[in-house]
Amino acid sequence: MFDKLLRKKTTAVPSTLQERLTIAKEKPMPTHVAIIMDGNGRWAKQRKLPRIAGHHEGMKTVRRTTLFANELGIRVLTLYAFSTENWKRPKREIDFLMKLPGEFLSTYLPELVENNVKVEMIGSAELLPIHTKEAIQKAMEATAHNDGMILNFAMNYGSRFEIAEAVKKLASQLSENTIHLDDLTEETVSGAMMTSHLPDPDLLIRTSGEVRLSNFMLWQLAYAELAFTDVLWPDFNEASMLGVIEDYQKRSRRFGSLEGDEIK
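In the working numbering, the protein residues as written are 12 to 275.
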């Protein structure tokens with residue numbers, strides 16, 4: 012009898028990825044996940060390969076992460092693909108990075124269309140090579156009518172640049188009297204951002220062990236949950252992603268308020 016009671020109280024621990032996925036999908040899921048994809052160079056160095064080999068391997072992780080995020084039911088996935096500071100890197104590496112969007116999208120665009128994923132971009136396209144802009148534009152047009160997950164690439168993106176551009180836009184509206192000083196609220200500033208049509212990220216993930224934001228979505232991440240993992244981006248897989256989501260689901264998001272006994 013005693014043995015039966017003990018067995019009855021035992022809770023089975025999910026052991027497979029699919030079991031964990033099923034449980035996770037029954038709990039609150041972040042609507043918008045933003046990822047700083049870091050560690051491609053170190054991944055290559057560990058294997059005595061050129062840095063570009065790490066970037067190419069990281070491209071495969073973009074596909075894997077996109078499909079898994081879509082399966083999880085995440086509505087927006089923003090990937091920090093190229094920052095305004097990345098122009099300081101060696102020309103050979105920059106040239107390779109500028110070819111990756113075309114290679115990724117030409118290879119996987121049919122799969123994105125099939126999975127109802129919509130491609131978007133934030134950042135300044137002005138300095139991007141023509142072939143990079145054309146590849147992104149083609150993907151955006153091909154997926155424009157999709158209404159599933161948004162795959163949002165941050166290309167030639169820097170948050171301080173974005174905020175400065177928003178300030179210019181609002182200043183212009185003030186000078187033209189289309190808005191007034193009292194109209195400047197957090198909502199109007201958010202409306203001037205490149206992400207005005209998107210919800211703010213609920214969760215930021217940065218791979219490779221670095222613990223900083225690197226000029227990424229500084230305004231939008233005000234109340235995001237932050238997750239830093241030592242896993243290098245090319246090694247970041249479905250289990251890695253699910254582990255971060257499971258941790259996120261254990262957190263209490265209060266947005267500055269109190270809950271339960273803390274209010275008493």
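Even glycine gets a Cβ: it sits at the ideal position worked out from N, Cα and C.
Contact annotation: Thr72 and Met160 have beta-carbon atoms that are not nearer than 9 Å.
Thr218 carries a coil assignment under DSSP once its states are collapsed to helix, strand and coil.
When secondary structure is reduced to three states using DSSP, His208 falls in the coil class, being assigned neither helix nor strand. Val178 and Leu162 have their C-alpha atoms some 26 Å from each other. For His66, the enclosing alpha helix (DSSP H) starts and ends at Arg62 to Leu83.
Cβ-Cβ separation between Ala45 and Pro212: approximately 4 Å, consistent with a contact (criterion under 8 Å). Note that the C-beta distance between Ala146 and Ser117 is below 9 Å. Under the three-state reduction of DSSP output, Thr118 falls in the helix class.
CA-CA distance, Leu88 to Ala165, rounds to 10 Å.
One Cα belongs to Arg53, the other to Leu243, and the distance between them is close to 8 Å.
DSSP places Lys99 in the helix class (H, G or I) of the three-state scheme.
DSSP places Ile256 inside the alpha helix (DSSP H), whose first and last residues are Glu249 to Lys261. Residue pairing for Glu131: DSSP places it in a beta bridge opposite Asn163. Asp49 sits buried, since 16 or more C-beta atoms from the chains shown fall within 10 Å of its C-beta. Residue environment analysis places Val128 among the buried positions, since at least 16 neighbouring C-beta atoms fall within 10 angstroms of its C-beta.
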